[in-house]
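Only one structure is covered here, and it is reproduced in the block below.
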Amino acid sequence: MIVSWLYDKVQHIYGGVSFPRYRGSIPAGQPVPTIKLDLQPGELIRVKSYEEILKTLDTDNKNRGLYFDAEMVPYCDHTFRVRSRVTAFVNEKTGLLNRLRGPAVILEKVWCNSRYSDCRMQCPRAVYPWWREIWLERVPGEAIAHMGHATAAQTETSAYAASDT
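The sequence shown lines up with residues 36 to 200 when you count with the numbering used here.
Put into structure tokens, the structure is as follows:
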């Protein structure tokens with residue numbers, strides 16, 4: 036605990052990323068908060084702070100079964116555009132089409148960099164993480180009006196391969 040606190044203080048001074056291995060506080064099996072923003076491709080959003088996101092996670096770092104990974108921490112407190120919505124995916128292990136318990140979104144220019152994961156060192160896949168809407172917030176309308184919209188090619192993701200969700 037003291038080491039991670041010290042790590043956070045030093046990282047804050049140098050503009051680095053917080054310790055990416057904190058756990059959510061909601062007991063596993065208990066209801067977690069949810070919100071429906073109905074985010075659509077092309078919308079501008081801000082990823083909430085790591086501290087805000089931790090309040091929505093159970094002790095397994097999940098929100099309705101969707102894991103918040105250490106690789107997602109560097110994207111907190113930054114603004115991105117929604118690339119696509121995910122409501123179903125093909126499980127790589129079984130080949131079956133599975134439906135999510137609630138929609139998730141994929142953000143443009145956000146992918147796994149294999150910096151903080153135990154088993155993904157030098158991973159070349161650059162997988163897009165999936166984000167629950169409760170971890171995001173819309174950027175006010177004026178900022179959206181000044182930016183372009185996503186193209187159709189960027190929004191065609193309804194079934195997405197995943198190894199474990």
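Just so it is clear, CB atoms sit at the ideal spot from N, CA and C, and this is done for glycine as well. Fair warning: this is a prediction, and the values are worked out from it, not measured in the lab.
Around the Cβ of Asp93, a 10 Å sphere holds 16 or more other Cβ atoms; the residue is buried. Ala63 sits in coil when the DSSP states are folded into three classes, being neither helix nor strand.
Exposed is the label assigned to Arg136, since fewer than 16 other Cβ atoms lie within 10 Å of its Cβ. For Phe103, DSSP records no beta bridge to any residue. Boundaries of the alpha helix (DSSP H) around Glu87: 85-89. One alpha carbon belongs to Ser84, the other to Pro109, and they sit about 10 Å apart.
Gly176 sits in a helix when the DSSP states are folded into three classes. Boundaries of the beta strand (DSSP E) harbouring Ser119: 114-126, taken from the DSSP string. Between the region 157-165 and the region 61-79, the count of C-beta pairs closer than 8 Å stays below three; the two stretches do not touch. Taking the CA atoms as reference points, Lys97 sits about 13 Å from Met107.
Distance from the CA of Phe115 to the CA of Gln75, rounded to the nearest whole angstrom, comes to 13 Å. The continuous stretches of beta strand (DSSP E) do not include Leu131, and DSSP gives it neither H nor E. According to the DSSP secondary-structure assignment, Trp166 is paired through a beta bridge with Val140.
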